[in-house]
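> Quick one: the structure is below, and I'll ask about it shortly.
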Amino acid sequence: MSLFTVRQLSIGYDTTLVADIDLDLHAGEVMAMVGRNGQGKTTLFKTLAGIHPALSGEMLLEGKSVHDWSVNERARKLALVFTERHVLGGFDVRAYVALGRHPYRRNWHALSEEDQQAIDRAIELTGLRHLTTRTMDRLSDGERQRASLARALAQETSTIFLDEPTAFLDYPGKLEVMQILRSLATDLNKLVVFSTHEINLIPEVVDGVIYVNEGKCITDRSTGDALSDSLTTWFGKVKEIS
0 MSLFTVRQLS IGYDTTLVAD IDLDLHAGEV MAMVGRNGQG KTTLFKTLAG
50 IHPALSGEML LEGKSVHDWS VNERARKLAL VFTERHVLGG FDVRAYVALG
100 RHPYRRNWHA LSEEDQQAID RAIELTGLRH LTTRTMDRLS DGERQRASLA
150 RALAQETSTI FLDEPTAFLD YPGKLEVMQI LRSLATDLNK LVVFSTHEIN
200 LIPEVVDGVI YVNEGKCITD RSTGDALSDS LTTWFGKVKE IS
């Protein structure tokens with residue numbers, strides 16, 4: 000059964016950027032969203048995440064319309080990670096990760112034992128145990144990105160959307176983040192969807208690619224060499240168009 004279902008979705012602003020989008024995304028999958036600038040990739044990402052309104056169509060999360068969940072309910076189902084270099088300097092890593100427990104807290108009551116355990120698990124999974132007391136402004140780009148991912152993990156959602164999670168990272172940092180994303184799907188059965196330009200890193204990590212180009216959205220679930228060939232061919236066509 001599809002965890003996140005999209006039917007006949009049209010996205011855009013004053014005019015339609017991409018129309019007739021159909022997606023069936025499942026628990027345990029890692030899906031990469033790719034597309035050249037200006038073709039609607041970011042708009043699609045924000046629409047699926049519930050940040051930007053769709054022009055038409057339907058989006059179902061766990062069988063229920065995304066918009067029928069309350070804000071808190073949706074935050075318990077879907078976590079978002081955006082890449083940004085602005086940081087909350089006054090927060091140490093543990094306090095920052097603890098922000099992910101907000102959907103479960105009432106009136107900012109003290110963190111429960113369950114909250115603390117969720118925070119511990121998120122920190123452990125992202126390899127941040129040795130940095131818990133360090134403030135966010137003293138982290139490297141890679142460490143900061145892992146802290147953002149840990150915050151999302153602390154939400155304990157079934158689905159995680161990430162916008163350019165490897166931006167600003169060096170190559171080892173990119174690989175590290177990609178490996179974490181893969182483990183979230185394989186070991187924790189989460190649906191992971193991320194936008195990226197890092198096509199060289201995709202084939203070994205993902206279960207499929209969502210291509211966004213020229214008003215169309217196409218899903219390709221080939222793997223290994225077949226996916227590498229598909230990416231090379233697709234980006235070659237994009238280069239010719241650009």
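Numbering that gives the first Met the number 0 numbers the first residue of the sequence shown as 0 and each following residue consecutively. A virtual CB, placed ideally from N, CA and C, is assigned to each residue, including glycine.
Spatial neighbours of Asp228 within its chain, please: CB distance less than 6 Å, with the 5 preceding and 5 following residues excluded, ordered by chain position.
The answer is none, since no qualifying residue turns up.
> Report buried or exposed for Tyr170, applying the criterion of at least 16 other Cβ atoms within 10 angstroms of its Cβ.
That one is exposed.
> Using CA coordinates, which residue listed in Asp13, Gly11 and Leu22 is at the minimum distance from Gly207?
If we check each option's Cα against that of Gly207, Leu22 comes out closest.
> With 16 other CB atoms within 10 Å as the buried threshold, where does Lys63 fall?
The residue in question, Lys63, is exposed, as its Cβ has fewer than 16 Cβ neighbours within 10 Å.
> DSSP on Met30, reduced to helix/strand/coil?
Three-state DSSP puts Met30 in a strand.
> Would you identify the three-state DSSP class for Ile159, choosing helix, strand or coil?
Residue state, collapsed to three classes: strand.
> If you reduce the DSSP assignment to three classes, tell me which class Asp219 lands in.
The answer is strand: DSSP assigns Asp219 an E or B state.
> On the three-pair Cβ rule with 8 Å, is the stretch 50-60 touching the stretch 134-145?
Touching, no, given that fewer than three Cβ pairs across the two stretches are closer than 8 Å.
> For Leu2, which residues from the same chain have a beta carbon less than 7 Å from its beta carbon, with the 5 sequence-adjacent residues on both sides left out?
Excluding positions up to five away in sequence, the list reads Leu24, His25, Ala26, Glu61, Ser157, Thr158 and Leu190.
> Return the chain-ordered list of same chain residues with a C-beta closer than 7 Å to the C-beta of Lys173, the five sequence neighbours on each side being excluded.
Excluding sequence neighbours, Lys173 sits near Thr165, Glu197 and Leu200.
> Considering only their Cβ atoms, is the gap separating Ile20 from Val5 smaller than 7 Å?
Contact: yes.
> Looking only at C-alpha atoms, which of Arg105, Asp13, Leu130 and Thr232 sits nearest to Asn316?
In the structure as shown, the chain starts at 0 and stops at 241, and residue 316 therefore has no counterpart that could be examined.
> So, are the CB atoms of Ala53 and Ile10 less than 7 Å apart?
Contact flag set, yes.
> CB-CB under 6 Å to Leu8, same chain, minus the five flanking residues each way: which ones, in chain order?
Same-chain partners within the cutoff: Ile20, Ala53 and Gly56.
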